[in-house]
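Below is one structure, written out as structure tokens, with a few remarks after it.
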């Protein structure tokens with residue numbers, strides 16, 4: 724029986740490294756942080772229309788969406804401003820994800 728063609732683990736690693744580099748470019752320059760500490764991220768809250776779409780997503784689609792949300796949490800200014808609104812339209816062509824979001828101040832009191 725001939726062996727089946729399987730993707731090379733090296734190609735998977737290279738794709739992940741390329742993806743990570745892409746996220747870093749999207750997020751812009753990261754703030755300097757102390758060793759052992761992660762950069763500060765924004766809090767992300769999903770509104771009702773987004774929540775109603777989540778059960779319809781496959782595991783792969785959810786993973787891709789998670790990556791886009793992480794990029795936005797690191798740099799909330801991602802995406803093009805939508806004229807005459809507070810909305811921003813972020814399109815990630817590599818993962819095939821589009822997220823329309825807006826940024827508000829967060830009061831911790």
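Residue numbers (our numbering): 724 to 832.
Glycine is no exception: its CB is placed at the ideal position from the N, C-alpha and C atoms.
First through last residue of the beta strand (DSSP E) which encompasses residue 822: Counted as a single uninterrupted DSSP element, the beta strand (DSSP E) harbouring residue 822 occupies residues 820-825.
Alpha carbon of residue 724 to alpha carbon of residue 784, nearest angstrom: With a pLDDT of 45 at residue 724, under the threshold of 50, the modelled position of this residue cannot be trusted, and the question is left open.
N-terminal and C-terminal residue of the alpha helix (DSSP H) that residue 787 is part of: Per DSSP, residue 787 belongs to the alpha helix (DSSP H) from 782-797.
Extent of the continuous beta strand (DSSP E) to which residue 810 belongs: Run containing residue 810: 810-815, per the beta strand (DSSP E) assignment.
Simplified DSSP assignment, three categories, for residue 828: Residue 828 falls in the coil class under three-state DSSP.
Proximity winner among 811, 820, 825, 827, relative to residue 788 (alpha-carbon distances): Per the Cα distances, 820.
Cβ pair residue 803, residue 822 closer than 8 Å: The answer is no: Cβ separation not under 8 Å.
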